[in-house]
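This report refers to the structure that appears directly beneath it.
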């Protein structure tokens, strides 16, 4: 449907898309949702498989992975929200959270015990945050394009002009 909407403005209008330039971004958002679903399914399978090693995993490790997963989910949720609100501060905080999560993941990789699937679960959570943060990038680009109220006080947009040799100013 989005491909048809990209080629036919009347279809885009019928499904509520005012700006056809936003259609590729919507496709990317939908692809990210699908990828996150795939990563989540993979993580769920690994969580089930790790059950046989449950007695070897300390509660502290489980808590750290749980907390990590909560932050990964927050990154994804806020990134989707800011696409539609255009809030640049939220988008920037999402990108910062994702970067901090990647640093934390590297630290946790060394800390985790040698138990099958633990690192794969952590890696899947990092993937969810990374794919989710793509939506924050889309939000930043969209906010800059639309000059939304959320960019005031954060970004100064400068319009470049070109003066040809003839002396008349062109915009």
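In my numbering, the protein residues as written are 3 to 173.
In this text, a Cβ means the ideal position worked out from N, Cα and C, and glycines have one as well.
Check                                                                                                                                                      : Outcome
So, at 6 Å on beta carbons, what are the nonlocal neighbours of residue 205 in its own chain, with the 5 sequence-adjacent residues on each side left out? : Residue numbering for the chain in the displayed model covers 3 to 173; residue 205 lies beyond these limits and cannot be assessed.
Closest to residue 82 by C-alpha separation, out of 148, 132, 146, 167, would be which residue?                                                            : 132
Counting along the chain, where does the alpha helix (DSSP H) carrying residue 86 start and finish?                                                        : 61-87
Determine whether the beta carbon atoms of residue 27 and residue 90 lie at a separation below 9 Å.                                                        : no
Provide the residue span of the alpha helix (DSSP H) that contains residue 97, from first to last.                                                         : 90-113
Do you know how far the Cα of residue 167 is from the Cα of residue 103?                                                                                   : 52 Å
Figure out for me which residue from 56, 24, 117, 94 has the closest Cα to the Cα of residue 139.                                                          : 94
As a quick exercise: from 134, 62, 118, 109, pick the residue whose alpha carbon is nearest that of residue 99.                                            : 134
Could you say which of 72, 122, 53, 87 lies nearest to residue 143 if we only look at CA atoms?                                                            : 87
Can you tell me the Cβ-Cβ gap for residue 111 and residue 124, rounded? I've got them flagged as a contact below 8 Å.                                      : 7 Å
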